[in-house]
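Read in this note's numbering, the sequence shown has 1009 at position 82, and its numbers run on one by one without any break. The structure under discussion appears below in the form of structure tokens.
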Amino acid sequence: MNFDCIVVGLGSMGSAACYYLAKRGFRVLGLEQFEVSHTEGSHSGQSRIIRKAYYEHPDYVPLLERAYENWSEIEKEADAKIYHRTGLLYLGQAGSDVMSGVRRSAQEHKVTVEEWSKADLKKRYPAFAPAADFQILFEPDAGFVTPERAILSYVQAAMNHGASVHTNERVLSWEQGGQDIRVVTSRSQYTSKRLIFTSGAWTSKLIQLPVNLKVTRQTVAWMNPLNQSDFTLGNFPCWFTELPGQGSFYGFPILPVGRFGGPVGLKLAHHKAQLEVDADKVDRSLDQNHVDELRTFLRNYIPGGDGDPLAVRTCLYTYSPDEHFIVDHLPGTSGQVTMACGFSGHGFKFASVIGELLADLAMEGRTKLPYHFLKLDRFKP
Ligand SMILES: Cc1cc2nc3c(=O)[nH]c(=O)nc-3n(C[C@H](O)[C@H](O)[C@H](O)COP(=O)(O)OP(=O)(O)OC[C@H]3O[C@@H](n4cnc5c(N)ncnc54)[C@H](O)[C@@H]3O)c2cc1C
């Protein structure tokens, strides 16, 4: 009942944090309100894009270098394949946020990104029908990681290193008193020297931040294209397209169910804030408007990919005000409480490095990892 560190939320970031803490020999308790893993939060749905030429900001690239190394570490330890190198196609107008951001990060950090002509694209991936004014970039080392397998692998490895893991147990409240923190759950109470919040879309219900987090429900669909073989893993890359004034669309190859499980079909989604929700009261019924939006995109830019949806799922984004992550000690807790939140729909690829970073910050109070641009003090009061 007495721990060195308690981790609240064993999803993307918390499962990795538990692993790094347990591996270092700390007595760690991981608390998850559902099962490991589940479909209520931000990590479900088979695949997440991983890329290094980070258009959002070049400061993320050194963290991504470490994330790739750490994915490889857990793959070896858990004997699980998590990262799949498919390459990533970026399509968009010259000077758009995505295209100029990719070029900038690639240049500053020497990430390999190839410039393709329309003829190159037609030869390699004829399924794409780019607009006349689109430029085409290709990042060969990008691809996807498998979130459910990654989280399960981290939790199992953490348990192998001695972590205690409790599922279907919700943290209700916590309080600091002297050296210890008391955590009250739906089943029991515990004390710990340190506390980490990796609670995703529920974070604002547990800690008071000086900024607002906005939770939105996002639609993801798996389509049934006419010619399946054009889109299978090995024949088709991950892709990311920015449309002026509409945000970005992105997608994956069709993954063989024997290796990846379901859903079956060609997965794509729209990377743009949708309906704001409360994480405990999400209406997960099918949103036809969003499905239509995805089909219109396919008809225009990947025409052979259009088809009836085979599966449509809801997943949650948690936006910080500037859409960059928040990783820091919680103000007023003398470094005893650490949090990672506000991943704004682009965090999963970093889970492997955020886990290490959280273990450093919680137990040592500092880290060598270059994360300072993610601290809370960037928001002016
Ligand atoms: C549709 C969609 C597509 C995405 N695509 C990509 C992509 O291609 N690439 C990419 O890098 N990222 C992508 N993301 C973003 C990425 O998945 C998220 O940034 C990441 O999963 C957030 O991780 P998290 O640990 O904050 O949240 P989660 O993984 O949801 O984990 C939070 C956990 O905390 C638990 N919890 C909360 N409150 C409590 C409590 N009181 N007690 C106990 N447990 C609690 C929750 O049950 C949950 O398991 C996508 C997200 C969505 C929704």
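Each residue gets a CB set at the ideal place from its N, CA and C atoms; glycine is no exception.
T1265, DSSP secondary structure in three states: strand
Buried or exposed: which applies to F1055, given that a residue is buried once 16 or more other Cβ atoms fall within 10 Å of its Cβ? buried
Measuring from the CB of H1251, is there a heavy atom of ligand 1 at a distance below 6 Å? no
Can you pull the DSSP bridge partners for W1043? I1063
Evaluate contact between the segment 1087-1094 and the segment 1252-1263, counting only Cβ atoms and requiring at least three cross-stretch pairs below 8 Å. no
Compute the distance between the beta-carbons of Y1246 and K1132, then report whether it is under 7 Å. no
Rounding to the nearest angstrom, what Cα-Cα distance links G1272 and N1216 in this structure? 20 Å
Bridge partners - W1101, DSSP secondary structure assignment: V1110
Proximal residues to G941 (C-beta, below 6 Å), its chain only, five neighbours per side dropped: V934 and T1125
Does T1013 come out as helix, strand or coil in the three-state DSSP assignment? coil
Just to confirm before moving on: does the CB-CB distance between G1188 and G938 stay below 7 Å? no
Confirm the yes/no value for this check: CB of M940, any heavy atom of ligand 1, distance under 6 Å. yes
Where DSSP assigns a beta bridge to A1238, which residues make up the other side? W1149
Test item: CB-CB of V1040 and A943 under 7 Å: no
Taking only runs of the alpha helix (DSSP H) that begin and end inside the segment 1155-1189, which ones reach a length of at least 4 residues, in chain order? 1184-1187
Suppose you measure from the CA of G1070 to the CA of R993; what does that come to, to the nearest Å? 16 Å
Which one of V1254, I1063 and E996 has the shortest CA to CA distance from A1289? V1254
Tell me whether I1281 sits in a helix, a strand or coil according to DSSP, three-state version. helix
Helix, strand or coil: which one does DSSP assign to A994? helix
For Q1328 and W1101, what's the separation of their Cα atoms in angstroms? What the structure shows of the chain is the stretch from 928 to 1308, and residue 1328 is not part of that stretch, so it cannot be assessed.
State the Cα-Cα distance for the pair G1028 and L990, rounded to the nearest angstrom. 17 Å
Let me check one thing: in DSSP terms, what residues is V935 bridge-paired to? L958 and F1124
Within 7 Å, strictly: CB atoms of D1235 and N1151: yes
Buried or exposed, going by whether 16 or more other CB atoms sit within 10 Å of the CB of H970? buried
At what residues does the beta strand (DSSP E) containing S1032 begin and finish? Premise fails: S1032 lies in the alpha helix (DSSP H), D1024 to H1036, not in any beta strand (DSSP E).
Pick from L1257, P1248 and Q1034: whose alpha carbon is nearest that of F1270? P1248
Ligand 1 heavy atoms versus the CB of C1242: any closer than 6 Å? yes
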